[in-house]
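Peer 1: UniProt numbering applies: residue 1 is where the sequence shown begins, and numbers increase by one.
The beta-carbon is built from N, C-alpha and C at its ideal position, and this holds for glycine as well.
Treat the numbers as computed from the prediction; the structure is a model and nothing was measured.
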Amino acid sequence: MNRQIPSPMRFEGSLIRLALLDALRKLDPRTQWRNPVMFVVYVGSLFTTFLAIVDHRHGFTGAVAAWLWFTVLFANFAEAVAEGRSKAQASSLRQLKRDILAKRLPADYRPGRSSSPESLTHEDISAGELRKGDCVFVDSGDLIPADGEVVEGMATVDESAITGESAPVVRESGGDLSAVTGGTRVLSDWLVIRVSADPGETFVDRMIAMVEGAQRQKTPNELALTILLVALTLIFLGVVTTLLPFSIYAVAVTHAGHPVRLVVLVALLVCLIPTTIAGLLSAIGVAGMSRMLQANVVATSGRAVEAAGDVDVLLLDKTGTITLGNRQATEFIPGPGVTADELATAAYLASLADETPEGRSIVQLAGNLTQSRPGPPGDSDFVPFSALTRMSGIDLSDGRVIRKGAADAIERFLGDAGPLPLPLVQAIEGIARHGGTPLVVAEHRRALGVIYLRDVVKPGIQERFAELRRMGIHTVMVTGDNHLTAAAIAAEAGVDDFLAEATPETKLKLIREHQARGHLVAMTGDGTNDAPALAQADVAVAMNSGTQAAKEASNLVDLDSDPTKLIQIVETGKRMLMTRGALTTFSIANDIAKYFAIVPAAFIGTYPQLGVLNIMRLSSPTSAILSAVIFNALIIVALIPLALCGVAYRPVGAASLLRRNLLVYGLGGMLVPFIGIKLIDLLLVSLGLG
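1) Is the beta carbon of Val266 closer than 8 Å to that of Asp44?
2) Expressed to the nearest angstrom, what Euclidean distance is found between the alpha-carbon atoms of Ala224 and Thr202?
3) For Asp354, I'd like the list of residues in its chain whose CB is within less than 7 Å of its CB, leaving aside the five on either flank, ordered along the chain.
4) Give me the DSSP bridge partner(s) of Cys645.
5) Are Asn555 and Ala531 touching if we call contact CB-CB under 8 Å?
6) Taking all protein chains shown into account, do 16 or more other C-beta atoms lie within 10 angstroms of the C-beta of Gly413, making it buried, or fewer, making it exposed?
7) Which residue from Gln32, Leu15, Phe603, Leu314 puts its Cα closest to that of Phe246?
8) Using a Cβ-Cβ cut-off of 6 Å (strictly less than) and excluding sequence neighbours within five positions of His444, which residues of its own chain qualify?
9) Would you report the Cα separation of Lys678 and Met616, rounded to the nearest angstrom?
10) By DSSP, does Asp317 sit in helix, in strand, or in coil?
11) Kindly indicate which three-state DSSP category Trp69 falls into: helix, strand or coil?
12) Between which two residues does the alpha helix (DSSP H) harbouring Ala409 extend?
13) Within the continuous alpha helix (DSSP H) that includes Gly288, where are the two ends?
14) Quick one: grab the DSSP three-state call for Ile615.
15) Report yes if the C-beta distance between Leu272 and Asp591 is below 8 Å; otherwise report no.
16) Following the continuous alpha helix (DSSP H) through Glu467, name the residue where it begins and the one where it ends.
17) Buried or exposed: where does Tyr452 fall if 16 or more other Cβ atoms within 10 Å of its Cβ makes it buried?
18) Just to confirm my understanding: we take Arg469, look at its own chain, exclude 5 residues before and 5 after, and list those with CB closer than 8 Å. What are they?
19) Go through its chain and collect everything with a Cβ distance to Gly605's Cβ below 6 Å, but skip five positions before and after it.
20) Exposed or buried, which one is Ile635 when buried takes at least 16 other CB atoms within 10 Å?
21) Would Thr233 pass as a contact of Asn632 if the rule is Cβ separation under 8 Å?
22) When the Cα atoms are used, what is the spatial distance from Thr479 to Val270?
23) For Thr219, which of helix, strand or coil comes out of DSSP?
24) Does the count of Cβ pairs from the stretch 578 to 595 and the stretch 657 to 668 closer than 8 Å reach three?
25) Using DSSP with H/G/I as helix, E/B as strand and the rest coil, what is Lys103?
26) Where does Thr121 land, buried or exposed, given buried means 16+ other C-beta within 10 angstroms?
27) Name the two residues that bound the continuous alpha helix (DSSP H) containing Pro336.
28) Pull up the CB-CB distance for Leu187 and Val151, whole angstroms please, since I reckon it's below 8 Å.
29) Which residue wins for smallest C-alpha separation from Arg580, given the options Ala466, Leu642, Phe596, Ile489?
30) So the candidates are Asn221, Gly128, Ala231; which of them puts its Cα closest to the Cα of Gly182?
31) Within 10 angstroms of the Cβ of Trp33, are there 16 or more other Cβ atoms? Answer buried if so, exposed if not.
32) Whose C-beta lies closer than 7 Å to the C-beta of Gln515 among residues of the same chain, with five residues either side of it excluded?
33) Among the residues of its own chain, which have a CB less than 6 Å from the CB of Leu618, if the five just before and after it don't count?
34) Can you tell me whether DSSP reads Ile677 as helix, strand or coil?
35) What does the Cβ neighbour count give for Lys318, buried or exposed, with the cut at 16 atoms within 10 Å?
36) Assuming the contact rule is C-beta atoms closer than 8 Å, Asn529 and Pro504 should be a hit. Round their C-beta distance to whole Å, please.
This is the structure we're talking about:
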């Protein structure tokens, strides 16, 4: 990786300084109002500051006011650090936004594969003048001026500025490797690109906006948690508000003690409301999207990151995800009455225009059998592969029609010619049982034979699926192979289910069926034919190398174009949800210790019997209250690394996670404040401030 992304545990001096300045800027009331819980602390800080100015003789009031301001600042600092790290990640992306010279082609340009660079006329304009639908010519060594799709040509492109990978990639027209990103560089040959985004709407623009949080909206779970925190705050506000008249009445009746002080009530309110999670909630959300970018995945919304953590059904393409993806032709199996040379020649002709790895391997295998393969006549028509027909081939000028494809597709092509010969059916079934892919070759009304394609399951994939199963995630392999081949690969890989002979319609139907049963579904895709299913899935991951239609239909884009990244995305989403849940549990559990610290100290003058609640044996009422307020502020700072890095993820079931969460963060949240408040009390006494 060339692009350096700040580690979540690295807090550079410049980042800290910028975060501190940003924390001060966030003291603007319009900013504070966005976090209702911290806004209550903000108002309490203003009120205690006013009390400290009015009654300047008591340093206690000033100390409480100061630590309440620190509480607000530390919450601002947590969010500023998370945003600062994201802005640092975006700084390298801004380098791609430069004024590039574009070679715009005339409006009447039409793609033609026979064109050469010399025949293309163009005008030189600034990239900022390009609009969606314009076509531009990019020569070797030029920077690609805008996002788009290749409509003509094939070239190697350096995408290291986006992906971080130094190895160049091939981009070509007419396939699933046609998308290009503005700011990358063509290294060889040339391309004609149709611009797919207006200025300000490019992929890099959207990346920068999402990384910096400018377009980050609160996710549904985050909104629900915010509502809960606000409800708790209102309850505590109502309780604390009633304590003053009760205290005044008690003093009037007993003629003993004194009413509770306003500054003490403010301190009690701030310590009891869930300030810890409220101060860290935004940082957790920003950090979740930042962790996605560290994995080279760009989220177009925070909802996608959160939904990834809730996913319980994964749709995974077989090729490139479960298997290595480079299926190779290893054998020609001729049918009855057909010679091996006749089958090889027909397979060779049907694959000449097939630019897939499988097609090239068929051409290579046929060429190895004999060195004198004739080329097709110049006026022959090539038939490209279609996901709908699941065949490709050639229509020769002498009237011969040759097709190669899946067995059932070829049977439909043969029509009334009858079923496939029994030896070919047996060969197809044998190949499928061994996890291979059989392709049948037919000429006009006759099946010639079978091509044996082999694929290999990726090492370690069974262990990954076992982990997903322990997490309660159901895995489904999606493949265009026939049922027998799919079953063999599924059994070898260890997936829970599979969809064979998949088409865009069957993928969409499968996703809807799972969603109708209440499941959240994730899938990956890179082609235009994947776009409907991607748009339907709850978490849709498009490959950066894929078509523009696939990227627009998705809510996550993998810059590395690695289909296996879906598993890592799910783990990242679950880590964010676990972090939010753990810190919420910790924050609410904190209140117990603060209750035992502040309530006795606040009302012991009126109700001496409350002294039995001082189980921490704090030295004095003022020391107890100040210790609780200080701990309430410092715990936010202490938890910032955890909010940014996330809770350690373990692939276990929901019940085990809940027990662990309650034990570590529930019980820990109750015990840590007792220890922390007592230590702060001892420190204040030793300094003569207690």
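Peer 2: With the given structure in hand:
1) Mapped onto the sequence shown, residue 44 falls at position 44. Mapped onto the sequence shown, residue 266 falls at position 266. It is worth fixing the name first, because residue 44 is Gly in this sequence and not Asp. Cβ distance < 8 Å, so Gly44 and Val266 count as in contact.
2) Within the sequence shown, residue 224 is the residue found at index 224, counting from 1. Within the sequence shown, residue 202 is the residue found at index 202, counting from 1. Between Ala224 and Thr202, the C-alpha separation is close to 32 Å.
3) Numbered from its first residue, the sequence shown carries residue 354 at position 354. Excluding residues within five positions, the ones whose Cβ falls inside 7 Å are Phe385, Ser392.
4) Taking the first residue of the sequence shown as 1, we reach residue 645 at position 645. Answer is none; Cys645 lacks a bridge partner.
5) Your numbering for residue 555 matches position 555 in the sequence shown. Your numbering for residue 531 matches position 531 in the sequence shown. Contact: no.
6) Along the sequence shown, one-based indexing puts residue 413 at 413. In the sequence under discussion, the amino acid at residue 413 is Phe, which differs from the Gly named in the question. Phe413 comes out buried.
7) As a first step, residue 246 is located in the sequence shown; it is residue number 246 there, counting from the start. Here the closest residue by C-alpha is Phe603.
8) The residue given as residue 444 occupies position 444 in the sequence shown. If we look at His444 and ignore the five residues flanking it on each side, its Cβ neighbours are Val401.
9) Taking the sequence shown and counting its residues from 1, one reaches residue 678 at position 678. Taking the sequence shown and counting its residues from 1, one reaches residue 616 at position 616. One C-alpha to the other measures close to 7 Å.
10) Here residue 317 corresponds to residue number 317 of the sequence shown, with the count starting at 1. Looking at Asp317 - three-state DSSP - the assignment turns out to be strand.
11) Residue 69 sits at position 69 when you count from the first residue of the sequence shown. Correct three-state label for Trp69: helix.
12) Mapped onto the sequence shown, residue 409 falls at position 409. Element bounds for Ala409: 407 to 414.
13) Within the sequence shown, the letter at position 288 stands for residue 288. Looking at the DSSP string, the run of the alpha helix (DSSP H) that includes Gly288 is 275 to 294.
14) In the sequence shown, counting from the first residue as 1, residue 615 sits at position 615. Residue state, collapsed to three classes: coil.
15) Here residue 272 refers to the residue found at position 272 of the sequence shown. Here residue 591 refers to the residue found at position 591 of the sequence shown. Yes, the pair counts as a contact, with Cβ atoms nearer than the cut-off.
16) Taking the first residue of the sequence shown as 1, we reach residue 467 at position 467. First-last of the alpha helix (DSSP H) with Glu467: 461 to 470.
17) Looking up residue 452 in the sequence shown gives position 452. It counts as buried.
18) As a first step, residue 469 is located in the sequence shown; it is residue number 469 there, counting from the start. Excluding residues within five positions, the ones whose Cβ falls inside 8 Å are Thr475, Asp496.
19) The sequence position of residue 605 within the sequence shown is 605, counting from 1. Here the set comprises Gly257, His258.
20) Your numbering for residue 635 matches position 635 in the sequence shown. Classification for Ile635: buried.
21) Numbered from its first residue, the sequence shown carries residue 233 at position 233. Numbered from its first residue, the sequence shown carries residue 632 at position 632. No; because the gap between Cβ atoms is not below 8 Å, this pair is not in contact.
22) For the purposes of this step, residue 479 is identified with residue 479 of the sequence shown, where counting begins at 1. For the purposes of this step, residue 270 is identified with residue 270 of the sequence shown, where counting begins at 1. Taking the straight line from one Cα to the other gives about 57 Å.
23) The sequence position of residue 219 within the sequence shown is 219, counting from 1. Three-state DSSP puts Thr219 in coil, outside helix and strand.
24) yes
25) Position 103 of the sequence shown, counted from the start, is the residue given in the question as residue 103. Three-state DSSP puts Lys103 in a strand.
26) What you label residue 121 is simply residue 121 of the sequence shown in a count that begins at 1. Here Thr121 is exposed. Its C-beta has fewer than 16 other C-beta atoms within 10 Å.
27) As a working mapping, residue 336 is identified with position 336 in the sequence shown. For Pro336, there is no enclosing alpha helix (DSSP H), as DSSP marks it with neither H nor E.
28) Reading the sequence shown from its first residue, position 187 is the one you call residue 187. Reading the sequence shown from its first residue, position 151 is the one you call residue 151. Rounded to whole angstroms, the Cβ separation of Leu187 and Val151 is 19 Å, and the two are not in contact under 8 Å.
29) To locate residue 580, count along the sequence shown from 1; it is residue 580. Among Ala466, Leu642, Phe596, Ile489, the Cα nearest to that of Arg580 is on Leu642.
30) Along the sequence shown, read from residue 1 onward, the residue named residue 182 stands at position 182. For Gly182, the nearest C-alpha among the options comes from Gly128.
31) Residue 33 sits at position 33 when you count from the first residue of the sequence shown. Label assigned to Trp33: exposed.
32) By one-based count along the sequence shown, residue 515 stands at place 515. Correct list, in chain order: Val521.
33) Position 618 of the sequence shown, counted from the start, is the residue given in the question as residue 618. Once the five neighbours on either side are set aside, the close Cβ partners of Leu618 are Ala624, Asp681.
34) Numbered from 1 along the sequence shown, position 677 holds the residue referred to as residue 677. Correct three-state label for Ile677: helix.
35) As a working note, residue 318 is residue 318 in the sequence shown. Label assigned to Lys318: buried.
36) Within the sequence shown, numbered from 1, the residue matching residue 529 stands at position 529. Within the sequence shown, numbered from 1, the residue matching residue 504 stands at position 504. Yes, they are in contact, since the Cβ atoms of Asn529 and Pro504 sit about 5 Å apart, within 8 Å.
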